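Trainee:
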Amino acid sequence: MSANRPPATGALRQHRRRRQMRSIRAVVVAAIAAVPVLVLTACGSSSTKLASNDPFSSGGAQNPKDQPLTGGKRGGVLEVLNETEFEHIDPGLAYYNIDYAVVFATQRPLMVNKPNTYTEAVPDMAASNPEVSSDNKTVTVHLKTGIHFSPPVNREVISEDVSYAIERGANENVANPYIPTYFKVIEGMPSAKGGPVKGIVTPDKHTIVFHLSEPKAKLLVDAFVMPITAAVPKEYAEKFDKHKPSDYGNFQVATGPYMFKNDKSGKVLGIGYVPGKSMTLVRNPNWNAATDVRPAYLDEIRQKTGGSSPVIGRQVLSGTNVVQNELPAQSTVKLAYEKYRSQLEVSPGAGSHYISLNNAHGPFTNVNLRRAVYAATDRVALNRARGGTLVTTVQTHFIYPGIRGFEESGGVKGPRFDFNEYPQGNPKVAEKYIKLAGYPSGKYTGGKTITVVGASNPPAKEDAEIFDQTLKSLGFTTKLTLVDSATAYAKYCNVPKEEIDVCPSVGWIADFADPQTVLNITFNGKSIVSTGNVNWGQTNIPRINAAMTAAESINAEPARRKAWAKIDEELVENAVAIPFDWDKQANIEGTTVKGVGDLWDTGEWDYSWTSLK
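Using the numbering used here, you'd call the opening residue of the sequence shown number 1113 and step up by one each time.
1) By the 10 Å Cβ neighbour count, where 16 or more other Cβ atoms means buried, how is histidine 1355 classified, buried or exposed?
2) Between glutamine 1442 and proline 1339, how many whole angstroms is the CB-CB distance? I'm expecting something under 8 Å.
3) At which residues does the beta strand (DSSP E) containing valine 1708 begin and terminate?
4) Here's a check: name, in chain order, each residue in its chain whose Cβ is nearer than 8 Å to the Cβ of glycine 1727, leaving out the five neighbours to either side.
5) How far does the beta strand (DSSP E) with aspartate 1316 in it reach, from first residue to last?
6) Here's the rule: buried if 16 or more other CB atoms are within 10 angstroms of the residue's CB, otherwise exposed. What is aspartate 1710?
7) Could you name the residues of the same chain whose beta carbon sits closer than 6 Å to that of glutamine 1507, not counting the 5 residues immediately before and after it, in chain order?
8) Got a sec? Which residues, its chain only, sit under 6 Å from tryptophan 1712 by beta carbon, not counting five neighbours each side?
9) Does the distance from the CB of valine 1766 to the CB of serine 1468 come in under 8 Å?
10) Within the chosen definition, does the region 1166 to 1185 reach the region 1373 to 1393 through at least 3 CB pairs nearer than 8 Å?
11) Can you pull the DSSP bridge partners for phenylalanine 1322?
12) Compare the C-alpha of leucine 1481 against each of Phe1216, Lys1544, Gly1419, Thr1293 and name the closest.
13) When you compare only the Cα positions, how much space is there between phenylalanine 1216 and threonine 1593?
14) When the Cα atoms are used, what is the spatial distance from serine 1273 to valine 1344?
15) From which residue to which residue does the beta strand (DSSP E) around arginine 1414 run?
16) Do the CB positions of threonine 1489 and threonine 1582 come within less than 8 Å of each other?
17) Looking at lysine 1317 and serine 1271, is the spacing between their C-beta atoms short of 8 Å?
18) So, do the region 1189 to 1202 and the region 1669 to 1685 have three or more beta carbon pairs nearer to each other than 8 Å?
19) Hey, how far is the Cα of threonine 1714 from the Cα of asparagine 1241?
20) Less than 8 Å separating the beta-carbons of glutamate 1577 and glycine 1474?
21) Going by DSSP, name the residue or residues bridged to glycine 1660.
22) Measuring CB to CB, does glutamate 1635 end up less than 8 Å from asparagine 1647?
23) To the nearest angstrom, how far is the alpha carbon of arginine 1134 from that of serine 1585?
24) Could you spell out where the alpha helix (DSSP H) holding lysine 1446 opens and where it closes?
25) Name the one or two DSSP bridge partners that isoleucine 1690 has.
26) Tell me histidine 1260's beta-bridge partners as DSSP assigns them.
27) Would the beta-carbon of isoleucine 1633 fall within 8 Å of that of asparagine 1686?
28) Determine the extent of the alpha helix (DSSP H) in which asparagine 1632 is found, giving its start and end residues.
29) Give the straight-line distance between the Cα atoms of lysine 1739 and arginine 1498, rounded to the nearest whole angstrom.
30) Excluding five sequence neighbours on each side, which residues of the same chain lie with their C-beta closer than 6 Å to the C-beta of threonine 1341?
31) Do you know how far the Cα of threonine 1557 is from the Cα of asparagine 1699?
32) Within the same chain, show all residues whose beta-carbon is closer than 6 Å to that of tryptophan 1399, passing over the 5 residues directly before and after it, in chain order.
33) Taking all protein chains shown into account, decide if arginine 1673 is buried (16 or more other Cβ within 10 angstroms of its Cβ) or exposed.
34) Any idea if alanine 1671 is buried or exposed, counting beta-carbon neighbours within 10 angstroms, 16 or more meaning buried?
35) What is the DSSP secondary structure of leucine 1393, counted as helix, strand or coil?
36) Are three or more beta carbon pairs between the region 1282 to 1298 and the region 1196 to 1211 nearer than 8 Å?
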């Protein structure tokens, strides 16, 4: 029998969410650390096919989809204890979970996701849903009136503030990380340097129009939830954006219900934000509640930064008006599950992990060898190392729960290929594919040593060791290298010329719930770059590349979901990588906190919806 254990901190991802880059953040998913056994999972053997395992279950803990959004008590100060420092507080740069917690409390993008949904964005700065032309090449957004910047700017937000916010992202002093992925379809954006962009037009003070070079309005509209669309006043911010790097974040103004505490000049640094030490959010006196969906119950949010995560966890669980708003330590999640379950939230749809196999160099250019190791892999054991069924679900394809196209891709059971159907591995199926690969003995005898590079922190370390043994059981000779997670990616897995055969625990968190944000940058051959590469397996299958190009221009549902689901199925059919873990994330709160977690953002506490009892 296997056991259910909660997670903690770990490696990298590459779209937002933990302290890792998000989707493009795409960069590598954070590994969740293993902890002592908690709850039993199902028994099985290598001949057992996949049984249903609810990827949306929270195991008796709180689930963001069920948390009430109304009826909170107004007032009070929420204390936040975090071990981890912010990466960026500038809305034009923010791309980490820990940054999003404050950015979405202080800023208003064009659209916003309510906390209890993955896919349903509602107008925020926008007055209504964006208007899309019939040819999907023009998007018009009307802005709300009566929204004002916080002091010292104070004036009403106009359309030029939104255009400047997006345009400044292309300024090398700002260098927003996701503009090339979501906003390059705007005319003139690919060559933009921070000045006016041809395809962004503001015909009046409350209208902004985007002219696109290709009929890809759907993805752009989805990207309106990103913080880069939050208004920035040019006359105030431009002087900061001339600095290299821009220091607008240290003097920023707000449009949301909260603002960083500042002085009369607008300075935040050293007042509302002391790097490595503290952060203080206070009410924005210019916020107009009538224009906002957020209730903003709290009067103030005060964060202390630093210390030991396990110590912080114990303080939060035994405390009152306090939360930890980062991935808790493994010992904390175990303690919370056993003794403080009402203060534990487990958020499903928090990303995925998979084993990358080098499709471009070495033995795994042979698709049947890839299918063989896929068939042999014990995904249950890998998930057990990550905490068991409380915080994982056996992954059977790449579009994960909460992303459009998940059900069309086969839901929990996924595509029905024999090498995908046995979560604990099946040696007979593996032997079949090794023989089809040209090795009649049923073992690999090609003589090539397989290079495996993994992170040395748990559970990434356990992932690497488990898969290394799987390879050896199939006849491979391996060279296992374990280094810190940053080195594993920056020096090895993200650098194609290193020709690493296996990176055993890469992962992904999408920026929003469109399947293109999960599959395109990670498996499209045109996404392969010389450094910072997140198509880790260097997948470059012309038929799939062409299907992705076609799917990018499908704007209507359900056709778009179905197209990307078919691509997902083909990726599994070609065993381009070995998916093993759909993540769920744990978060904790004090006894008198009525926390509301953002389901779309791994359940991290949303300060604009959370209240005190």
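Just so you know, even glycine gets a beta-carbon here, dropped at the ideal spot from N, CA and C. Because the structure is a prediction, the values reported are computed rather than measured.
Mentor: Taking the geometry as given:
1) Exposed is the call here.
2) Incorrect: roughly 30 Å between the Cβ atoms, too far for contact.
3) Here valine 1708 belongs to no beta strand (DSSP E), and DSSP marks it neither H nor E.
4) This structure cannot speak to residue 1727, because the chain is shown only from 1113 to 1725.
5) Looking at the DSSP string, the run of the beta strand (DSSP E) that includes aspartate 1316 is 1312 to 1316.
6) Its Cβ being crowded by 16 or more others within 10 Å, aspartate 1710 is buried.
7) Closer than 6 Å at Cβ, skipping near neighbours: Ser1464, Pro1691, Phe1692, Asp1693, Trp1694.
8) Contacts found: Asn1225, Tyr1230.
9) Because residue 1766 is not part of the residues shown, which for the chain are 1113 to 1725, the question remains open.
10) Output reads no: the region 1373 to 1393 does not touch the region 1166 to 1185.
11) In the DSSP assignment, phenylalanine 1322 is bridged to Val1251, Ile1312.
12) Comparing alpha-carbon positions, the option among Phe1216, Lys1544, Gly1419, Thr1293 lying closest to leucine 1481 turns out to be Lys1544.
13) Taking the CA atoms as reference points, phenylalanine 1216 sits about 39 Å from threonine 1593.
14) Note that residue 1273 is aspartate in the sequence shown, not serine. Aspartate 1273 and valine 1344 have their C-alpha atoms roughly 5 Å apart.
15) Counting along the chain, the beta strand (DSSP E) containing arginine 1414 begins and ends at 1412 to 1417.
16) Yes.
17) Between serine 1271 and lysine 1317, the CB-CB gap stays under 8 Å.
18) Touching, no.
19) Distance between the alpha carbons of threonine 1714 and asparagine 1241: 25 Å.
20) Cβ atoms of glutamate 1577 and glycine 1474: not closer than 8 Å.
21) Looking at the sequence itself, residue 1660 is methionine, so the reference to glycine does not match. Secondary-structure assignment with DSSP links methionine 1660 through no beta bridge to anything.
22) For the sequence presented, residue 1635 should be read as phenylalanine rather than glutamate. Going by C-beta atoms, phenylalanine 1635 is nearer than 8 Å to asparagine 1647.
23) Because the pLDDT at arginine 1134 is just 43, under 50, the model does not fix this residue reliably, and the value given afterwards should be weighed accordingly. As the crow flies, the alpha-carbon of arginine 1134 is around 35 Å from that of serine 1585.
24) That run of the alpha helix (DSSP H) goes 1442 to 1451.
25) Isoleucine 1690 is bridged by DSSP to Ile1467.
26) The partner list for histidine 1260 (beta bridge, DSSP) reads Glu1268.
27) For isoleucine 1633 and asparagine 1686, no; Cβs fall outside 8 Å.
28) Unbroken alpha helix (DSSP H) run through asparagine 1632: 1628 to 1635.
29) Since the displayed the chain opens at 1113 and closes at 1725, residue 1739 lies outside it and no answer follows.
30) The beta carbon of threonine 1341 lies closer than 6 Å to those of Pro1221, Leu1222 in the same chain, with the five residues before and after it left out.
31) Roughly 47 Å separates the two Cα atoms.
32) Pro1369.
33) Answer is buried; the Cβ neighbour count reaches 16.
34) That one is exposed.
35) DSSP places leucine 1393 in strand when its eight states are reduced to three.
36) Judged by pairs of C-beta atoms under 8 Å, the region 1282 to 1298 touches the region 1196 to 1211, as three or more such pairs exist.
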